[in-house]
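Chemist: Please find one structure pasted underneath; my questions will follow.
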Amino acid sequence: MTVDHIHPFLKGNFAPVTEEYISHPCEIVQGEIPVEVLGGQYIRNGGNPVYPPEQGRHYHWFDGDGMLHGVHFGDEPRYTNRHLATPLLSMTLLLLRSPLPSIALLISPLSSLHRIITAIIQAFLIAVRARMGVLSVANTSVIWWGREPPDQRLLATCESGPPLEVRLPELQTVGWDRLNDQGESLSDRRGRWEWWKRFGLSRVQEDWMTAHPRIDPIDGSLIFYSTQMFDAPHVRYSVIDRTGRHVVWKQGVDVGRAKMMHDFAATRSHTILLNLPLTLAPHNLFSTHPVPLIHFDRNLPSEFVIFPRLLQPSHRPLRFQDPEPSLIFHTANAWDEHDDQDDLIAINMLGCRFRSAKLVYAAGAVDVPIVEKTFGENDVVRLQYYRFDMVGYNGGVCQSAQRITHNFPLTAIPFEFPTLPTHLGMTAARYVYGCTMQSGSFDERLGGAAKVDCIAKIDVLDLIRKGQRRGAGKNDQPVDSRSSAQIVQDWERGIVGPIELFTMPPGWYAQEPRFVPREAADSEDDGYLMTYVYDESYLQANGIPSTAVGSGSELWIIHAKHLAKGMSAVKARIKLPQRVPYGDQKSTGSGVTTPGSRSAAAQGRSLKTSALCIHPVRSPNVQRKIPN
16 MTVDHIHPFL
26 KGNFAPVTEE
36 YISHPCEIVQ
46 GEIPVEVLGG
56 QYIRNGGNPV
66 YPPEQGRHYH
76 WFDGDGMLHG
86 VHFGDEPRYT
96 NRHLATPLLS
106 MTLLLLRSPL
116 PSIALLISPL
126 SSLHRIITAI
136 IQAFLIAVRA
146 RMGVLSVANT
156 SVIWWGREPP
166 DQRLLATCES
176 GPPLEVRLPE
186 LQTVGWDRLN
196 DQGESLSDRR
206 GRWEWWKRFG
216 LSRVQEDWMT
226 AHPRIDPIDG
236 SLIFYSTQMF
246 DAPHVRYSVI
256 DRTGRHVVWK
266 QGVDVGRAKM
276 MHDFAATRSH
286 TILLNLPLTL
296 APHNLFSTHP
306 VPLIHFDRNL
316 PSEFVIFPRL
326 LQPSHRPLRF
336 QDPEPSLIFH
346 TANAWDEHDD
356 QDDLIAINML
366 GCRFRSAKLV
376 YAAGAVDVPI
386 VEKTFGENDV
396 VRLQYYRFDM
406 VGYNGGVCQS
416 AQRITHNFPL
426 TAIPFEFPTL
436 PTHLGMTAAR
446 YVYGCTMQSG
456 SFDERLGGAA
466 KVDCIAKIDV
476 LDLIRKGQRR
486 GAGKNDQPVD
496 SRSSAQIVQD
506 WERGIVGPIE
516 LFTMPPGWYA
526 QEPRFVPREA
536 ADSEDDGYLM
546 TYVYDESYLQ
556 ANGIPSTAVG
566 SGSELWIIHA
576 KHLAKGMSAV
586 KARIKLPQRV
596 PYGDQKSTGS
606 GVTTPGSRSA
616 AAQGRSLKTS
626 ALCIHPVRSP
636 NVQRKIPN
C-alpha cells in the first residue's frame, strides 16, 4: 500500500506506535528541568489502534485504543507508554481487529442502514459473549482526583464508559472506577445495581460518563454528566464531593433528543450543558428521510442549558438559544459575574466554536455533505465569548428573559484545545492558552490532516472588554481580526497586543499544552507550558515515520510569560526514545504531576485533563492485567 492510500490520520506522526517503553531514561538536550515539575509526571492520553484498519475500512481520528505517554521527573526524566488494558483491548488482540464500529461508519451519509445495524449487532454480541460490561477504550482524557494522598488517583476517561484507574508512575491499568458512593452501605449499593444487571444495553449505558469532567479548584468536587441514547432524559447529571460522597447523583436533565455531547462548562455556582445539534440517536436511521446515526441537524438551534450546581428535582434549568447551529467540542472556562450586592447577574463562558460539522467528517476522511460544505466554506473554529443573563434566577422560574447578552468571537485565528492554570478555573482568568496554526484550520485536511505549528496565549479579559464596548447582542466579527502572520509581525516590530504566538521551527509540530505555575509566580502567566513536539524531518520520503535511534518526539518546557520570544523562551528540551503521535483533541488529556508540598491538587486544584500529585517510583512491571 502506498502512503497516498493510507488514511490521513494513520500516516506520518498521526500513525500509531507499536512499542511500549517502561521507565526508559530520556536525554535532556537543552536547558534544565524546572524545580516545579521535579518529582512529578507529565501524562498524555490518546487513541492508538493496536490493529489499524485495513485499506478501505472505516477509521476516525476519535477511534483507537487508549494509550498513555508519560515522562516522570525523578532523579532523571524517564519515559513510559502503555496501552490501557481494557476488555476491548483484550478482545481486539484476540480478533486481530477492533470489535467496535468506527465513528466514520456512523457519520457517513453513504453508510447503508444494513451495514450500520450489522456492525452494531456484531459488536453487541461479541460483548455479550465475552461478558464485557463496559464498551470503552478509555482513549480521551486523564484527570487526577480524590481526597488527600493516598486516596487521590489518576483516571483515564472516555464518554462511553466509567473512568479507568491507572497506577503511577508505571501507567499500569488498575481497573474501572464506578465512583461508588462512599457514604452508601454495601446492601444499598447492591440494591441500586441489581435491577440494571438484568438489561445489558441499559447497564452498559448506566456507566457512561463525560470524558471531560470538571473538578472544582476550591472544594475538590467532581462534576460530570452521562448521556443516554435510548432512555429519556438523555442526560444524567452528578456531583461527588472530594470524599467520594454523592451530592447529586444521575439527576435527569431534559435536552429533547439524544446528542453527542463531548464537553460542558461549570462555574462555582452553576453548570452549563451544551445542547448542540450533533444528534446521536438510533431513530435517525428509521426516520422518514434517514440520516446517519450521528448527524448534525441544521434545523436545531444551539442551546445552552444552565442550572445550579447542586441540581434538585424542583429546579427548572434556564435555556438560552442561539438560532444558528454550531459545534463546541471544548470549552475553555466559565465564571460567575456578581453585582455590587454580590448577587449573581450573569454567567460568562469561553468555548471553541465551529459554525459547521466539517471537522467531524474530515477526521474520518468522509466526504463532507453538500450542506456542510456550503455553511462551512469559510468556517474557522474561534474562541467564542458568551454572556448569559442570570438576573432573577434562583433555580426556580426566572422572572426575566433568558438572554445571551453578548455572543462574539475574540480572535480571527483558529483556536482549539484550550487550557489555563488549573487553580484559576471557574474564575475570570486573564489568559487562555491553546493551539493554532499559521495557515488553514482544524476542519481542513492540510495534505491529509491539520497540524499545530503555533501555541497561542490570549488575553481574554482585554478582548472581552473591547468586544463589550461594541454593544450587546451577537456579532460575528472577531474583536482581534489579525491573522497569525500579522500577530507575529506586530510582535517583531515591538507592538504588544492581546495575543502572543509561539511559532514552532519549520517542520516541527506541537500538541495541546499544559500550564505549570512557578513557585514564586509574580503574575498569572508566570509559569511553564509543557507540550510534546515532533520534527517531521524524521519522516521518510514515503511519509512513514523513521524508527531509527534519535527519531523520537521531544517534550518541551516553555516560559509562558515570554511565549512570543520563540525558541529563546524554551526552558528545557527532553528527547524521548520514540515519537508521540499527534493527539486528536483536548481529549489528548495531557497533565502534570508535581511534588505534594507545592501541589495544586493538594489544595483541590485540578481541572479537566490535568493531574497534580506526587507518587513514589515503583519497580517497572511490564505484565498487563485485563480488568473484569
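If you want the working numbering, it's the 1-based position in the sequence shown plus 15. All C-beta atoms, glycine included, are put in the ideal place defined by N, C-alpha and C. Every value quoted in this text rests on a predicted model; they were computed, and no experiment measured them.
Measuring CB to CB, does D337 end up less than 8 Å from I287?
Modeler: Locating residue 337 in the sequence shown gives position 322, counting from the first residue. Locating residue 287 in the sequence shown gives position 272, counting from the first residue. No, these two residues do not count as a Cβ contact at 8 Å.
Chemist: Looking only at C-alpha atoms, which of H39, E47, F24 and E51 sits nearest to E534?
Modeler: As a first step, residue 534 is located in the sequence shown; it is residue number 519 there, counting from the start. Ranking H39, E47, F24 and E51 by Cα distance to E534 puts E51 first.
Chemist: If you draw a straight line from the alpha carbon of A31 to that of Y597, how long is it in whole angstroms?
Modeler: As a first step, residue 31 must be located in the sequence shown, where it is residue number 16. As a first step, residue 597 must be located in the sequence shown, where it is residue number 582. In the sequence under discussion, the amino acid at residue 31 is Pro, which differs from the Ala named in the question. Looking at the two C-alpha atoms, the distance is approximately 9 Å.
Chemist: Quick check: the Cα distance between H73 and N409, rounded to an integer number of angstroms?
Modeler: Numbered from its first residue, the sequence shown carries residue 73 at position 58. Numbered from its first residue, the sequence shown carries residue 409 at position 394. Approximately 48 Å, taken between the alpha carbons.
Chemist: What is the DSSP secondary structure of T33, counted as helix, strand or coil?
Modeler: As a first step, residue 33 is located in the sequence shown; it is residue number 18 there, counting from the start. Coil, per DSSP.
Chemist: Check each candidate in V395, F29, K265 and H87 and name the one with the smallest Cα separation from Y36.
Modeler: Within the sequence shown, the letter at position 21 stands for residue 36. Of the listed residues, the one whose Cα sits closest to Y36 is H87.
Chemist: Hey, how far is the Cα of S583 from the Cα of L476?
Modeler: Taking the first residue of the sequence shown as position 1, residue 583 is located at position 568. Taking the first residue of the sequence shown as position 1, residue 476 is located at position 461. Using only the alpha carbons, I get a separation of about 27 Å.
Chemist: Quick check: the Cα distance between L295 and M275, rounded to an integer number of angstroms?
Modeler: Residue mapping note: residue 295 aligns to position 280 of the sequence shown, counting from 1. Residue mapping note: residue 275 aligns to position 260 of the sequence shown, counting from 1. For L295 and M275, the distance between alpha carbons rounds to 5 Å.
Chemist: Measure how close the beta-carbons of P528 and T434 come, nearest whole angstrom, since I'm counting them as under 8 Å.
Modeler: Your numbering for residue 528 matches position 513 in the sequence shown. Your numbering for residue 434 matches position 419 in the sequence shown. Indeed they touch by this definition, with Cβ atoms about 6 Å apart.
Chemist: If you drop the 5 nearest sequence neighbours on each side, which residues of the same chain put their C-beta closer than 6 Å to that of P532?
Modeler: Here residue 532 is taken as the residue at index 517 of the sequence shown, counted from 1. P436 and G542.
Chemist: With H, G and I counted as helix, E and B as strand and the rest as coil, what does DSSP make of R93?
Modeler: Counted from its first residue, the sequence shown places residue 93 at position 78. Looking at R93 - three-state DSSP - the assignment turns out to be strand.
Chemist: Can you give me the start and stop residues for the beta strand (DSSP E) that K576 sits inside?
Modeler: Along the sequence shown, read from residue 1 onward, the residue named residue 576 stands at position 561. Element bounds for K576: n/a, residue is neither H nor E.
Chemist: Just mark L109 as buried or exposed, buried being the case when its beta carbon has 16 or more other beta carbons within 10 Å.
Modeler: Reading the sequence shown from its first residue, position 94 is the one you call residue 109. Exposed is the call here.
Chemist: Just checking my contact of P23 with A464 at CB under 8 Å: how many whole Å lie between their CB atoms?
Modeler: For the purposes of this step, residue 23 is taken as residue 8 along the sequence shown, with counting starting at 1. For the purposes of this step, residue 464 is taken as residue 449 along the sequence shown, with counting starting at 1. That pair is a contact at about 5 Å.
Chemist: Closest to P592 by CA distance: which of S568, A575, K466 and A579 is it?
Modeler: For the purposes of this step, residue 592 is identified with residue 577 of the sequence shown, where counting begins at 1. Checking every option, the nearest Cα to that of P592 belongs to S568.
Chemist: Rounded C-beta distance between V320 and V254? I'm assuming under 8 Å.
Modeler: One-based indexing of the sequence shown puts residue 320 at position 305. One-based indexing of the sequence shown puts residue 254 at position 239. About 16 Å; that fails the 8 Å criterion.
Chemist: Taking all protein chains shown into account, decide if T225 is buried (16 or more other Cβ within 10 angstroms of its Cβ) or exposed.
Modeler: Taking the first residue of the sequence shown as position 1, residue 225 is located at position 210. Under this definition T225 is a buried residue.
Chemist: How many Å lie between P521 and N28 at the Cα?
Modeler: Position 506 of the sequence shown, counted from the start, is the residue given in the question as residue 521. Position 13 of the sequence shown, counted from the start, is the residue given in the question as residue 28. Roughly 15 Å separates the two Cα atoms.
Chemist: To the nearest angstrom, how far is it from the Cα of M82 to the Cα of L365?
Modeler: Translated into positions along the sequence shown, residue 82 becomes position 67. Translated into positions along the sequence shown, residue 365 becomes position 350. Cα to Cα, the separation comes out at about 29 Å.
Chemist: Straight-line CA distance for G62 to R445?
Modeler: Along the sequence shown, one-based indexing puts residue 62 at 47. Along the sequence shown, one-based indexing puts residue 445 at 430. Looking at the two C-alpha atoms, the distance is approximately 32 Å.
Chemist: Which residue from D354, E387, Y252 and R283 puts its Cα closest to that of L293?
Modeler: Position 278 of the sequence shown holds residue 293. With distances taken between Cα atoms, L293 lies closest to E387.
Chemist: Can you tell me whether DSSP reads F107 as helix, strand or coil?
Modeler: Here residue 107 is taken as the residue at index 92 of the sequence shown, counted from 1. The sequence shown places Thr at residue 107, not Phe. The answer is helix: DSSP assigns T107 an H, G or I state.
Chemist: Name the one or two DSSP bridge partners that R12 has.
Modeler: Any answer about residue 12 is impossible in this case: the structure gives the chain only from 16 up to 643.
Chemist: In whole angstroms, what separates the C-alpha of T451 from that of T346?
Modeler: The residue you call residue 451 lines up with position 436 of the sequence shown. The residue you call residue 346 lines up with position 331 of the sequence shown. Going from the Cα of T451 to the Cα of T346 covers about 15 Å.
Chemist: Kindly list the residues whose CB is nearer than 7 Å to the CB of I135, restricted to its own chain and excluding five residues on each side of it in sequence; keep chain order.
Modeler: Taking the first residue of the sequence shown as 1, we reach residue 135 at position 120. These residues qualify, in order along the chain: P116.
Chemist: Taking the beta strand (DSSP E) that V585 belongs to, which residues open and close that run?
Modeler: In the sequence shown, counting from the first residue as 1, residue 585 sits at position 570. Its beta strand (DSSP E) spans residues V585 to K590.
Chemist: Buried or exposed: where does H574 fall if 16 or more other Cβ atoms within 10 Å of its Cβ makes it buried?
Modeler: For this step, residue 574 is matched to residue 559 along the sequence shown. H574 comes out buried.
Chemist: Can you pull the DSSP bridge partners for D474?
Modeler: In the sequence shown, counting from the first residue as 1, residue 474 sits at position 459. Partner(s): Y446.
Chemist: Should Y524 be labelled buried (16 or more other beta-carbon atoms within 10 Å of its own) or exposed?
Modeler: Counted from its first residue, the sequence shown places residue 524 at position 509. With 16 or more Cβ atoms within 10 Å of its Cβ, Y524 is classed as buried.
Chemist: Starting from H129 and walking both ways along the beta strand (DSSP E), at which residues does that stretch end?
Modeler: In the sequence shown, the residue the question calls residue 129 occupies position 114. Element bounds for H129: not the beta strand (DSSP E) but the alpha helix (DSSP H), L128 to R144.
Chemist: Which residues share a DSSP beta bridge with D5?
Modeler: Residue 5 lies beyond the range of the chain shown here (16 to 643); nothing can be said about it.
Chemist: Taking W506 as part of the alpha helix (DSSP H), name the residues at either end of that continuous run.
Modeler: For the purposes of this step, residue 506 is taken as residue 491 along the sequence shown, with counting starting at 1. Segment S499 to E507, the alpha helix (DSSP H) holding W506.
Chemist: Three Cβ pairs or more, each shorter than 8 Å: is that satisfied between the stretch 141–148 and the stretch 123–131?
Modeler: No contact exists between the stretch 141–148 and the stretch 123–131.
Chemist: Output the distance between the C-alpha atoms of I118 and E174, rounded to the nearest integer angstrom.
Modeler: As a first step, residue 118 must be located in the sequence shown, where it is residue number 103. As a first step, residue 174 must be located in the sequence shown, where it is residue number 159. Near 13 Å, if we compare the C-alpha coordinates of E174 and I118.
Chemist: Could you pull out every residue in the same chain whose Cβ sits closer than 8 Å to the Cβ of G411, ignoring the five residues on either side in sequence?
Modeler: The residue you call residue 411 lines up with position 396 of the sequence shown. Excluding sequence neighbours, G411 sits near S329, H330 and R331.
Chemist: Skipping 5 residues on each side, what residues in its chain have a beta carbon closer than 6 Å to that of P68?
Modeler: To locate residue 68, count along the sequence shown from 1; it is residue 53. Taken in chain order, the residues that qualify are Y74.
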